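One structure is given below, encoded as structure tokens.
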Amino acid sequence: MSVSRRQALQAALASTAAAPALAAPRFGTGIEGQRRADLGDGSYRNPIVPGDHADPTVLKDGADYWMTFSSFQSYPGAVIWHSTDLVNWTPVTAALHENIGTVWAMDLVKHRGRYYLYIPVLRDAGMGIFVIHADDIRGPWSAPVDLNIPGCIDPGHVVGEDGRRYLFVNGGRRVRLTDDGLATDGPLEDKAWTPWQYPQDWVVEMFAPEGPKLFRRGEWFYLVSAVGGTAGPPTSHMVTVARSRSVHGPWEHCPHNPIVRTTSADEPWWSRGHASVVEGPGGDWWMVYHGYENGFRTLGRQALLQPIEWTPDGWFRARGGTLDRPLAKPRGGKAGPAGAALSDDFSRSRLGVQWSFHAPGPDEASRLRWEDGSLVMRGKGQSLADCSPLTCIAGDRSYVVSVELEIHGEGQGGLALFYDERGHAGVGFSRSHMLTYGHGSEHRWARQAMEVQRVRLQLTNRENVLTWRYSLDDGRTWRQHYWQMEVSGFHHNVFGGFLSLRPALFSAGAGEVRFRQFTYQGLNA
Numbered sequence: 001m002s003v004s005r006r007q008a009l010q011a012a013l014a015s016t017a018a019a020p021a022l023a024a025p026r027f028g029t030g031i032e033g034q035r036r037a038d039l040g041d042g043s044y045r046n047p048i049v050p051g052d053h054a055d056p057t058v059l060k061d062g063a064d065y066w067m068t069f070s071s072f073q074s075y076p077g078a079v080i081w082h083s084t085d086l087v088n089w090t091p092v093t094a095a096l097h098e099n100i101g102t103v104w105a106m107d108l109v110k111h112r113g114r115y116y117l118y119i120p121v122l123r124d125a126g127m128g129i130f131v132i133h134a135d136d137i138r139g140p141w142s143a144p145v146d147l148n149i150p151g152c153i154d155p156g157h158v159v160g161e162d163g164r165r166y167l168f169v170n171g172g173r174r175v176r177l178t179d180d181g182l183a184t185d186g187p188l189e190d191k192a193w194t195p196w197q198y199p200q201d202w203v204v205e206m207f208a209p210e211g212p213k214l215f216r217r218g219e220w221f222y223l224v225s226a227v228g229g230t231a232g233p234p235t236s237h238m239v240t241v242a243r244s245r246s247v248h249g250p251w252e253h254c255p256h257n258p259i260v261r262t263t264s265a266d267e268p269w270w271s272r273g274h275a276s277v278v279e280g281p282g283g284d285w286w287m288v289y290h291g292y293e294n295g296f297r298t299l300g301r302q303a304l305l306q307p308i309e310w311t312p313d314g315w316f317r318a319r320g321g322t323l324d325r326p327l328a329k330p331r332g333g334k335a336g337p338a339g340a341a342l343s344d345d346f347s348r349s350r351l352g353v354q355w356s357f358h359a360p361g362p363d364e365a366s367r368l369r370w371e372d373g374s375l376v377m378r379g380k381g382q383s384l385a386d387c388s389p390l391t392c393i394a395g396d397r398s399y400v401v402s403v404e405l406e407i408h409g410e411g412q413g414g415l416a417l418f419y420d421e422r423g424h425a426g427v428g429f430s431r432s433h434m435l436t437y438g439h440g441s442e443h444r445w446a447r448q449a450m451e452v453q454r455v456r457l458q459l460t461n462r463e464n465v466l467t468w469r470y471s472l473d474d475g476r477t478w479r480q481h482y483w484q485m486e487v488s489g490f491h492h493n494v495f496g497g498f499l500s501l502r503p504a505l506f507s508a509g510a511g512e513v514r515f516r517q518f519t520y521q522g523l524n525a
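Position 235, counted from 1, in the sequence shown is what this note's numbering calls 235; the numbers after and before it change by one each time, with no gaps.
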């Protein structure tokens, strides 16, 4: 039977219309409508910390758990989070204020009553590792100390059976530390451990052995590490484990490797890897690691929690499959607050823990002052690209943010979604024009002449589609910007850098911008 082109098209459209829509997963609802892992019925759904929270390092400290993540070019950085049940986490303080470079996967440890944070950084001079310390995890934290370990990242601290302290680092290397943990005590050793090798026909980004995290259980030391590359194809990255009775080896690989890996782009979480293993409050055991949310690489790598079970031969396996459904919460934990408000009325006369500058200079905070319930930001650079905007991490698939602006002087200011200097989208105002940024630059042809002193600006992000509105009369009437922007490509596989797309306030040029009433609302219902 012959079929006309029109009949074929009609049949295709009919089959498409009949296909059921994929339902969005159900999350708990937290502050400001942000999604919350705890579902309130004894179960949780990943992520436990939504948004850009990569390379988690977790410390169990009595009944408390502390965690921090890579903070990259954002300062204040190394924000420390607290939990009592491994599911509900809230930020407490930023431990790092001095810009020492691009901060990658850290290790948070406690030794003899003192807290240490070992911090790998990328600088113009290359890679290296710093350490800061504190007697109270809430601070104050010390100034950074350079350990002078060039070419190394991803430190993993361990105390050996000999009582000495060691840092294991990427590439199978390690270095011994002094007893106070603030200097090296010997050369960098090659081949201290041998990373597990996956089959050569697997589709991954690269070998990239990294992220060693060590802990002791019974007679064994366990070394949990990542291979496969942290971005790239969805099936990159994985969790592997080795063990030894001595920190000096020999290390044997787990027969179950990899413990965790994304095997299909159909899974809800991509590039799962870089794990820390921790005992739960009720004696069960868990892994915290990161992954990209399918369809939302723009949110960065998010923190995921997965149960493990110990096998009779002294290894462990991951439970919970692909994390496509809710899981039972850890036993014995006490649920606490989760997340934190991103909205800011700027009445506290200090920078909230949700805020950080992108790539700040040595005295970036001097650009800010607080006056009469507002934040005044002095201009820097010439445009959104080079002005070190003030950013916060969003963890929702859809949300709306708004802010009121007053423009003073010959500069410009506005609201944006910012990935880095090359990747951003936003709307700004000078006193004489509305300016539009898209695809990482201002579109000068899109400038619109208008006299502006004060404006309310609103951004709605619905699953990576942006709609802008603005009001020149204190919100009585609103105008929609004529350009809706699609930003699903603003992520690491396009721009590099391992970052995320973040709401941002910016002030550029010769002048300053006064910001009032920044609001955030998740749209997860």
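The C-beta atom is built at its ideal place from N, Cα and C for all residues, glycine as well.
These figures come from a predicted structure and were not determined experimentally.
Residue i to residue j span [Cα, whole Å]
| i | j | result |
| --- | --- | --- |
| Ser236 | Gly156 | 22 Å |
| Lys191 | Ser74 | 33 Å |
| Trp81 | Trp89 | 6 Å |
| Trp355 | Gln480 | 27 Å |
| Ala94 | Glu161 | 33 Å |
| Trp269 | His433 | 42 Å |
| Leu147 | Thr194 | 24 Å |
| Gly361 | Leu327 | 43 Å |
| Glu406 | Val455 | 7 Å |
| Trp445 | Val452 | 19 Å |
| Phe418 | Arg502 | 5 Å |
| Pro25 | Phe490 | 23 Å |
| Tyr116 | Ile132 | 6 Å |
| Pro337 | Gly28 | 13 Å |
| Phe346 | Thr436 | 26 Å |
| Glu309 | Ile259 | 11 Å |
| Asn46 | Ser71 | 21 Å |
| Thr391 | Leu505 | 6 Å |
| Ala143 | Asp363 | 16 Å |
| Glu512 | Arg165 | 50 Å |
| Arg216 | Val247 | 10 Å |
| Leu22 | Glu293 | With a pLDDT of only 44 at Leu22, under 50, the local geometry of the prediction cannot be trusted, and no value is derived from it. |
| Trp220 | Tyr44 | 31 Å |
| Thr240 | Ile48 | 21 Å |
| Met450 | Leu472 | 10 Å |
For residue i, three-class secondary structure by DSSP
| i | result |
| --- | --- |
| Phe130 | strand |
| Ala449 | strand |
| Asn461 | strand |
| Gly295 | coil |
| Gly428 | strand |
| Arg422 | coil |
| Asp386 | helix |
| Gly156 | strand |
| Ser98 | One detail in the question is off: residue 98 reads as Glu in this sequence, not Ser. Glu98: coil per DSSP, three-state reduction. |
| Gly438 | strand |
| Gly511 | strand |
| Glu252 | strand |
| Ile80 | strand |
| Arg516 | strand |
| Gly333 | coil |
| Glu32 | helix |
| Val413 | It is Gly, not Val, that sits at residue 413 in the sequence shown. The answer is strand: DSSP assigns Gly413 an E or B state. |
| Arg164 | coil |
| Asp217 | The amino acid occupying residue 217 in the given sequence is Arg; Asp does not appear at that position. In this structure, Arg217 counts as strand in the three-state DSSP scheme. |
Continuous alpha helix (DSSP H) stretch holding residue i: start and end
| i | result |
| --- | --- |
| Phe495 | 492 to 495 |
Residues near residue i by beta carbon distance below 7 Å, same chain, minus five either side
| i | result |
| --- | --- |
| Trp101 | Note on identity: in this sequence residue 101 is Gly, with Trp being the wrong assignment. Once the five neighbours on either side are set aside, the close Cβ partners of Gly101 are Val121, Leu122, Arg123. |
| Gly509 | Gly379, Gln382, Glu410, Gly411, Gln412 |
| Trp370 | Phe346, Ser349 |
| Gly151 | Gly126, Met127 |
Residue interval of the beta strand (DSSP E) (run including residue i)
| i | result |
| --- | --- |
| Glu404 | 398 to 409 |
| Pro120 | 114 to 123 |
| Phe357 | 356 to 358 |
| Ala318 | 316 to 318 |
| Phe374 | Note that residue 374 is Ser in the sequence shown, not Phe. Counting along the chain, the beta strand (DSSP E) containing Ser374 begins and ends at 374 to 378. |
| Glu364 | Taken as a continuous stretch (DSSP letters only), Glu364 belongs to no beta strand (DSSP E), as it is neither H nor E. |
| Met238 | 238 to 244 |
Cutoff 8 Å; reference residue i; Cβ partners in own chain excluding five residues on either side
| i | result |
| --- | --- |
| Asp61 | Lys110, Ile137 |
| Asp64 | His82, Ser83, Thr84 |
| Asn493 | Ala231, Gly232, Arg297 |
6 Å CB neighbourhood of residue i in its chain, flanking five on each side removed
| i | result |
| --- | --- |
| Pro233 | Val203 |
| Arg516 | Ser374, Glu404 |
| Gly211 | Ala105, Asp154, Ser225, Ala226, His274 |
| Asp324 | Pro268 |
| Gly438 | Ala425, Met485 |
Residue-chain proximity (residue i, chain C), Cβ-Cβ < 7 Å
| i | result |
| --- | --- |
| Trp285 | Given the protein chain composition of this structure (a single chain), no chain C is represented. |
| Within the chosen definition, does the segment 483 to 492 reach the segment 455 to 469 through at least 3 CB pairs nearer than 8 Å? | The segment 483 to 492, when compared against the segment 455 to 469, does touch it at the 8 Å Cβ threshold.
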